[in-house]
Amino acid sequence: MKNKERDHYVPLLKKVKRIMKVTTLFILCAIFSISASTYAQNYKVTINKQNSTIIEVLKEIEKNSEFTFFFNDNRVNVNQHVSVMAKNATINEVLDKVLRNTGYVYQIIDRQVLIKASASDKTNERGAVAQQSNKRTITGTVKDPNGEPIIGANIVQKGSTNGTITDVDGNFTITVPLGNATLAVSYIGYQGTEITVGSKSSVAVILKEDTEMLDEVVVVGYGTQKKVNLTGSVSAVKGETLSNKNVMSAAQSLQGMASGLTITTSNGEPDDATLRVRGIGTLNNNDPLVLIDGVSSSLNAIDPNDIESISVLKDAASASIYGSRAASGVILITSKHAKTDKLIITYKGSVSSVHAMSLPKLVNSLEYMQMYNSALANDTRKDDGTLGGHNYSDELMETWKNSTDRDAYPNSNIIDEAFHGSTQTQHYLGIATGNEKFNTNTSVNYSWEDGILSNVKFNRYGIRSNNEYHISKILNLGIDLSVRRRFYDNPYNNGDDGLAGLMRQAPIYQTQYSNGIWGGNYAGTPNSLMYIENKDKMTYEEWSEILGRFFITLTPFKGLSVDFSYAPKISDYKVKNVTKDENLYNYKTGEVTYTPKKPNSMYRKQTQTREDDYNILAHYNISLGKHDISALGGFQYLTNHYEYLYAYRDGNPFPQFEELDAYSVDNQKNNGYTTEWALMSYFGRINYAFANKYLLEANVRYDGSSRFANGYKWGLFPSFSAGWRFTEESFMKNFNLLSNGKLRASWGELGNQSGIDTYASALNVNTSSYAVFGGSAAPGYAVTNYATKDITWETTKVLDFGIDLGFLNNKLNATFDWYKKRTSDILMNKNIPYILGYSNSPVQNVGIVDNKGWDLSLSYNDKAGKLNYQITAILSDVHNKIIDMGGDRSINGVNINQEGYSIGSLYGMVADGLFSSWAEAQSATPQWGKLQGGDIKFEDMNNDGKINNDDRVVMGNTIPRYSYSLDLAAQYKNFDFDAFFQGVGKRDAYVSGYYQYPFQNETTPLKEHLDYWDEVTNPNPNATLPRLSINQQTNNLKESTFWKRNGAYLRLKNIQIGYTLPKEILKTLLISKCRFFIVGSNVFTLDHLHLSGTDAESPFSAYSSYPITKSWSFGVEVQF
Amino acid sequence: MKYYILFSGLAAIMLLSACDSSIERSSLTSPTAETFFTNETEIQGGVNACYNFLNECKGGYFDANYSLDGLADTEYLRGDNTIATINGGAMDYTTSTCSTIWGRMYQGIGRCNLIIQKIDENQNNLSESVKKQFLGEVYFLRAYYYLKLISYFGDVQYTDKPIETVSEGKSITRTAKAEVLKHIYSDFDLAADYLNGSTVTTLGRATRGAALAFKARAALYNGDYQTAKTAAKQVMDSGTYSLYPTYEDLFSEAVMRSSSNKELIFAADYDLAAGITSGYLRFVASRMMGGYCTIVPTEAMIDSYECIDGKDISESSLFNKATRFENRDPRLYYSVVLPGDKWFGVIFNTHKDSTKCYNYETNTWVTNKDCYAFTQYCSFSGYLIRKYVNSAYLSSIDQSENPYYLCRYAEVLLTYAEAKIELNEIDQSCLDAINLVRCGRTDVKMPVIPSGLSQTQMRKVIRKERKVELAFENLRFQDILRWKSAEKVMNRPKLGRAFLGSLSQWPDVTFDENGDPVYDYNNYVPHPSTDFRVILNCYFNPDRDYLWPIPQREILMNPDLGQNLNY
């Protein structure tokens, strides 16, 4: 009979499941803000039961709350009669009354209430034991793999309703019949397990985390969704995976972590990153929309440690709720909000040693002179082909070689002198806490890096505070504030003065003489290193972003919530540039050999962006039996205001004061302007799920943009998706191998209007087209830019088919997506005939670009003994093709956009080695200029007997194919290890600029250039560099396959070893976690460029102002 | 519940206020074009803006106002890939300079066409004299731009009305050069007519004289000698112009801006306040001055100056290899900085032995930064250009404000003479015009050209005279094209002064039928370390290079344009 009674109470699995859902949703979805952990405190009971059984009372409470009652086996007599009367009482007050004098006590763990016999009531217990002597008591503990007790885990004797839950220490006691019994142990978020008790009287259970939790929730546009119920294509990354990488920026940490998202850096300056979601969809701006807690921002605006999760919305179904700005994908960042009533303090800090990953290797002075002579001899060849003269005689070179006086006969290497190792530190401090009325999460971060070049400094700090107020059951308020500042000092005015400037100091010129006097360059003027070391050309850059979000959430009744939010953002960018110049002196005599020709000068440049984002959102959820329906409706209004101001002065008698007012007014200059744009949107979404098996979703967004003329402003962007969790079907129940399986399909449209000018559709008069007459300026008015009024939204249609599979109880997970993305009416700056009289290439709706591709991600988690390991592999491919350009082609240097080929394809001549001799070159078909031996030989591709531009072919694809990454992680006892590889399988690179032409702009050749063709020393038709030239170019600079390279690479981006101190040691120190780690980033790269100073990630630019770096860090993470 | 009502109200207000006007934004900086150019102030600004493209390739090393002759044999320009490409005969329709020139000229033409239309539409808002002044300037400029276009490209697209749509722009094919020339004449005639009696003579503004002078130039360039002669004569007879007394001062800013300078016909002006400055000084100044010396005279230019007896250096008894810069046409000394010249405080020399140079202001020897021993990147030829160099701008060396002649009276005189020679009307007026240039100034007194020379002899005389008188004034390139001498001179290497050795070791020179030097450098035995210097091997394809290619950009949009021969 008792057992029958108990049917109502013991592990009501259905109800537990509901709680799990609600809990997770509440934790992760900041919009709903009743904290689950404070449920018991907040719950108010009104009850009046006289002389009822305990069970009736509890039934009543259970009916009106989310509480579930459990009984500590058979020791509780639930039919004992009690009386209770309470109004707006807490659960504790009520239970105190109910259980008073019954000899029972209770324990509340979240929404679960355990009723058990009081420890002092020995009689009862003994009596129970005595009565049921055919049973025995088993005690046990349930812990997680880290040894942490699991509180509230369910323990059920298999095949019965007999069960209990664990207490705060993870302990449980259960009475089972004599003989063999099996206990099933389960807890939310952990893989359930079964234990055969045998003759044991105590058991220790370790529950493994369920890595692919069926109830895992991911952030989607304007809300959250259970991962299993997703129908769109979303890559989700947990914040901790990013913060563990210990890199400077969120962009760097996200690299290779989300399938379909490609992040590349083009130089070593921190915060420099280009993001691409599923390749290049349009011919203009391809930057994805980055939202932090729903507010448009950038990856640089948040510290990796503050990130709760990142979702990359890849297909139209998931992104179209952001309509107009989503065509290049959406990256949703959720920042950490407090979710516990415990006070948690986290500190994380590290120190790194930073070095350049690859620097250009310059030739020495002897090699330089030989190369210069070779170039000069080529350039000054006589008509009969005999070599011309040279500049450096053999005697001089011999003297130079043997000299020990390097002041007189220098052999400098300015690159080696300029670059050095540097240090970087990062600190993060976070505090989170909360109670039933308020919770908060506040953090500060600071990082500081000394550049690998003198006087380069990179500083950054930020404060973020996320606060929520639970005013009443239906009203919640929140205020999030973030201030972020970045400072970048660099000792060059622009890229030309940085690495490029250094490259122009040939080894035959001394950079600094042995007595400390600075040397000059080829022109007798100061070399770049002096300017860098003496801070003569300093640029001080400063970014500030203040971002606030105020929101009100109303939950008038169950299922409905309405949000109002206002998010203002102010971004400032300031540049102060101070330029000075100095005398040079003869190192022996002290004679002044150079005096500055221009006065010292400075400019300030300031831009400010103000953005105001207003949102109204309404969510509604309803469950009717097996039907789950949720709906979302919203409105957004976004205004953007951008100001630019520039001021210049020169002539400062007191150069130590670096402010405008310290300079003369004589030559002052200034300019400035303001631009504005606005967006307005209405959007909605409906999700429907039947029995958690069949899933449907529909989105629509209606967007209006100020960038278009009246009549062209509005665009409608719908999307639909469906999912089928076929493993929920009964016919799949026997396939135990497959634990989770879902098929997805989606189709939708997205808009794009970014990357076009704010007033692209307006024809405006330029009022600063000055002309000069008689020495003074006369105002000039001209329509300089043509505008096409009828431009409107660029539309991207995406079709996506995906499958999610989980095998072996989700140890192995696979997600595969195939997609086809077609962007039409591409807004493109397209040339117009010059005869129209305008210099610009106005934006027009032209063309169609297709991206077909797939993303595959595989993860495997398992353990071998005490070793836990996880392998995550991501592979994606995209095939880009221009379908229609209105019959036009556009060629820009070596890049072509042409129908049938991918965007930015390489276009040029087909090279066939080098002419082996003067004679061979003379007999060749005329090509470009007067050919010589050692010039690149071209093929007549169209067989018309001529070699000219008509022989150009599309020779390569610059868009990465087969981007892949591999993450290997393992934990053994207290050690953890992680290695992260990233690479591109197929890509064409192109060597340009200086690498083609070693003496361009008086630059110094590289060691890699030493295999140059030379008539006397190296007449090899397969030499890596054609004949040298100072100033006479023929075929060699013409775009051709000669300069094409294989751009595939593999890079060990990140490697990490960590050690966590054992809990036992920490307990006494009040520290809950302490971990030490060593991280290496950009550790090594395998590529095919074989050129020093290049970066395989951006294989098109010869070099940038600042080289890419590698680092080794040591750090500690402490939690109190 | 009251919150609910409150916020529903808020939501309603936000949603209701949402309409198209909330997402309308327009430029905060400048007016829209639709309602502009209606009154005198606006149209005046529009006319001014038509002057923005006087030089077809602007800025950097290669600028039509100061280094166009780098394309010819008389000047060498280092550091610019485009010039190296063109000099080396490696230009094709992808070369950006082609589309730059094409684009700039059509922008100028487009502005002119629009303003002519606007003046017509709003003529009631303009007084008659203002309207005539505006139209005169704009017609002049339109012809000026078309003249540049046909000189480079031959047949070009022609329109005298604004083109409204892209498709219309794409449908316009090329008009024959001769046809365009007729329109150019007519525009210059209209300009001369409208500007007749105008009192606006501000430097940089078009005048009646300028219209006639450029008409003469247009005719001369196109072999229409009758028209050239007539137009030039009109300028000569106007009484407005005369030669400035000294050649030495002619290129100083003070003289250019002076009202006493009657030689100036048309000029390009600069002003820092307008943000319009020239980088010329930096490119021609020596390393000692803080310049780059990238635009320099070639040996062929130096050797083209006669000796003061009026004979070429190959013939004159006054010429001595060892003292080769002595006894020469004084214009050499006013146009070029020669080795050994005093130049901005020091003695200029690039020779490898000249590691020190004498500072005659402080009377000390200082390190010579123009010496080859220290840098390969001093003047490649060993010479510098002297014209227009203005010490006032040394402190802001890349921001000069001095004007440049686009046309001066001496050119008109030589145009008249050349037209007469080509018409075989070699009379006294023809000789007078040449001789005025040769000895009509106080500081240039070259022997007069005697009468009785044949047409062929006179042709050589006039071609030499133009080269010398107008050296580095950006007319040489078109001259060698129209004389068809480019295939000769541009297939000879550009030579410079030696690194080592002495002046007397230099190779012999002879002069061809155009008076251009020919060197026997293949038989010359060089010093162990090149002392006679080939700066650049040039290449000119006579079957192709007399016209430039139609830019790839335009052909891609309008294949019907067709391409010039052999590109």
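Chains A and B, in that order, are what the protein sequence lines are.
Each number in this note's numbering corresponds to the 1-based position in the first sequence with 53 added.
Each number in this note's numbering corresponds to the 1-based position in the second sequence with 6 added.
Glycine included, every Cβ here is placed at the ideal spot set by N, Cα and C.
Task: Entirely enclosed beta strand (DSSP E) segments - the stretch 477–505 of chain B, minimum 3 residues - done: 500–502
Open item on the list: So if DSSP puts Tyr423 of chain B in a beta bridge, which residue, or which two residues, is it bridged to?
Closed with: Here residue 423 of chain B is taken as the residue at index 417 of the second sequence, counted from 1. Sequence inspection shows Ala at residue 423 of chain B; the Tyr mentioned does not correspond to that position. None; Ala423 of chain B has no bridge partner.
TODO: May I ask you to report which of helix, strand or coil DSSP gives His672 of chain A?
DONE: Taking the first residue of the first sequence as position 1, residue 672 of chain A is located at position 619. Three-state DSSP puts His672 of chain A in a strand.
Task: Ranges of the beta strand (DSSP E) found wholly within the stretch 1015–1047 of chain A, counting only runs of at least 3 - done: 1028–1039 and 1041–1043
Open item on the list: Counting only Cβ-Cβ distances shorter than 7 Å, please list the residues of the stretch 358–391 of chain B near chain A, keeping chain order.
Closed with: Val372, Thr373, Lys375, Phe380, Thr381, Gln382 and Tyr383
Open item on the list: Is there a Cβ of chain A sitting closer than 9 Å to that of Glu560 of chain B, yes or no?
Closed with: The count along the second sequence starts at 1 and reaches residue 560 of chain B at position 554. It does; some Cβ of chain A falls within 9 Å.
- [ ] Would you check if there are 3 or more beta carbon pairs closer than 8 Å linking the stretch 1091–1104 of chain A to the stretch 1133–1153 of chain A?
- [x] yes
Task: Under 9 Å between C-beta atoms of Ser535 of chain A and Gly601 of chain A - done: Your numbering for residue 535 of chain A matches position 482 in the first sequence. Your numbering for residue 601 of chain A matches position 548 in the first sequence. Yes, they are a contact pair.
TODO: Starting from Tyr443 of chain A, follow its DSSP beta bridges and name the residues at the other end.
DONE: Mapped onto the first sequence, residue 443 of chain A falls at position 390. In the sequence on display, residue 443 of chain A carries His and not Tyr. His443 of chain A pairs with nothing; no bridge assigned.
Open item on the list: Any C-beta of chain B within less than 7 Å: which residues of the stretch 1048–1066 of chain A qualify?
Closed with: Glu1055
Task: Three-state class that DSSP yields for Pro1072 of chain A in the structure shown - done: Counting from 1 along the first sequence, the entry for residue 1072 of chain A is found at position 1019. Reduced to three states, the DSSP call for Pro1072 of chain A is coil.
Task: Cβ neighbour criterion (16 or more within 10 Å) applied to Asp433 of chain B - done: As a first step, residue 433 of chain B must be located in the second sequence, where it is residue number 427. Answer is exposed; the Cβ neighbour count stays below 16.
Task: Asp518 of chain B and Tyr525 of chain B closer than 9 Å at C-beta - done: For the purposes of this step, residue 518 of chain B is taken as the residue at position 512 of the second sequence. For the purposes of this step, residue 525 of chain B is taken as the residue at position 519 of the second sequence. No, the Cβ-Cβ distance between Asp518 of chain B and Tyr525 of chain B is not below 9 Å.
Open item on the list: With a threshold of 9 Å between beta-carbons, can Arg84 of chain B be considered close to chain A, or not?
Closed with: Numbered from 1 along the second sequence, position 78 holds the residue referred to as residue 84 of chain B. Interface residue, yes.
Task: For Gln558 of chain B: DSSP bridge partner residues - done: Within the second sequence, numbered from 1, the residue matching residue 558 of chain B stands at position 552. The partner list for Gln558 of chain B (beta bridge, DSSP) is empty, contrary to what the question assumes.
Open item on the list: For His357 of chain B, list the residues DSSP reports as bridge partners.
Closed with: To locate residue 357 of chain B, count along the second sequence from 1; it is residue 351. BP columns for His357 of chain B are empty, so no partner.
Open item on the list: Considering only their Cβ atoms, is the gap separating Asn224 of chain A from Pro202 of chain A smaller than 9 Å?
Closed with: By 1-based counting over the first sequence, the position of residue 202 of chain A is 149. By 1-based counting over the first sequence, the position of residue 224 of chain A is 171. Contact flag set, yes.
Task: Residues, ordered as in the chain, of the stretch 153–169 of chain B that lie near chain A by beta-carbon distance below 8 Å - done: Gln163, Thr165, Pro168 and Ile169
Task: DSSP bridge partner residues for Trp871 of chain A (one or two, in chain order) - done: Residue mapping note: residue 871 of chain A aligns to position 818 of the first sequence, counting from 1. Trp871 of chain A is bridged to A:Phe854 and A:Trp907.
Open item on the list: With a threshold of 8 Å on Cβ separation, who are the neighbours of Glu269 of chain B within its own chain once the five nearest residues in sequence on each side are excluded?
Closed with: Taking the first residue of the second sequence as 1, we reach residue 269 of chain B at position 263. Counting only Cβ-Cβ distances below 8 Å, and skipping sequence neighbours, we find Tyr247, Ser248, Leu249, Tyr250, Leu256, Arg414, Tyr415 and Ala416.
Open item on the list: If we require 4 or more residues per run, which alpha helix (DSSP H) segments fall completely within the stretch 432–501 of chain A?
Closed with: 447–455 and 467–471
Task: With 16 other Cβ atoms within 10 Å as the buried cut-off, status of Ser734 of chain A - done: Locating residue 734 of chain A in the first sequence gives position 681, counting from the first residue. Looking at its Cβ environment, which holds 16 or more other Cβ atoms inside 10 Å, Ser734 of chain A is buried.
Task: C-alpha distance - Glu109 of chain A paired with Tyr243 of chain A, whole-angstrom precision - done: Here residue 109 of chain A refers to the residue found at position 56 of the first sequence. Here residue 243 of chain A refers to the residue found at position 190 of the first sequence. Using only the alpha carbons, I get a separation of about 33 Å.
Task: Tyr638 of chain A beta carbon less than 9 Å from that of Trp571 of chain A - done: The residue you call residue 571 of chain A lines up with position 518 of the first sequence. The residue you call residue 638 of chain A lines up with position 585 of the first sequence. Against a cut-off of 9 Å, the Cβ pair of Tyr638 of chain A and Trp571 of chain A comes out as a contact.
Open item on the list: For Leu209 of chain B and Tyr340 of chain B, what's the separation of their Cα atoms in angstroms?
Closed with: Position 203 of the second sequence, counted from the first residue, corresponds to residue 209 of chain B. Position 334 of the second sequence, counted from the first residue, corresponds to residue 340 of chain B. Their Cα atoms are separated by approximately 23 Å.
TODO: Taking Lys1026 of chain A as the reference, give the member of A:Asp1041, A:Tyr1112 and A:Ser1093 with the closest Cα.
DONE: Taking the first residue of the first sequence as 1, we reach residue 1026 of chain A at position 973. Taking only the C-alpha atoms, the option nearest Lys1026 of chain A is A:Tyr1112.
- [ ] Answer yes or no: do Gly274 of chain A and Asn668 of chain A have a C-beta to C-beta separation smaller than 9 Å?
- [x] As a position in the first sequence, residue 274 of chain A is number 221, starting the count at 1. As a position in the first sequence, residue 668 of chain A is number 615, starting the count at 1. No, the Cβ-Cβ distance between Gly274 of chain A and Asn668 of chain A is not below 9 Å.
Task: Beta bridge counterpart(s) of Ala142 of chain A as assigned by DSSP - done: Position 89 of the first sequence, counted from the first residue, corresponds to residue 142 of chain A. According to DSSP, which records beta bridges pairwise, Ala142 of chain A is partnered with A:Val98.
Open item on the list: Measuring alpha carbon to alpha carbon, tell me which residue in B:Ala234, B:Gln129, B:Arg392 and B:Tyr422 is nearest Leu442 of chain B.
Closed with: The residue labelled residue 442 of chain B in the question sits at position 436 within the second sequence. Answer by Cα proximity: B:Tyr422.
Task: Pick from B:Leu187, B:Val343 and B:Arg465 that is closest to Asn430 of chain B, judged by C-alpha positions - done: Here the question's residue 430 of chain B lines up with position 424 in the second sequence. Looking at the Cα atoms, B:Arg465 is the closest of the given residues.
Task: Candidates A:Lys1039, A:Asp1064 and A:Ala1042, of which the one nearest Pro1051 of chain A by Cα - done: Within the first sequence, numbered from 1, the residue matching residue 1051 of chain A stands at position 998. Per the Cα distances, A:Asp1064.
Task: DSSP three-state assignment for Val825 of chain A, whether helix, strand or coil - done: Residue numbering aside, residue 825 of chain A sits at position 772 when the first sequence is read from its first letter. Correct three-state label for Val825 of chain A: strand.
Task: Below-9 Å beta-carbon distance, Tyr812 of chain A vs any chain B residue - done: Position 759 of the first sequence, counted from the first residue, corresponds to residue 812 of chain A. It does; some Cβ of chain B falls within 9 Å.
Task: Below-9 Å beta-carbon distance, Met496 of chain B vs any chain A residue - done: In the second sequence, the residue the question calls residue 496 of chain B occupies position 490. It does not; no Cβ of chain A falls within 9 Å.
Task: Rounded separation between Lys414 of chain A and Glu185 of chain B - CA only - done: In the first sequence, residue 414 of chain A corresponds to position 361, counting from 1. In the second sequence, residue 185 of chain B corresponds to position 179, counting from 1. So the alpha carbons of these two residues sit roughly 59 Å apart.
Task: Contiguous alpha helix (DSSP H) assignments of at least 4 residues, all confined to the stretch 198–246 of chain B - done: 214–227 and 231–243
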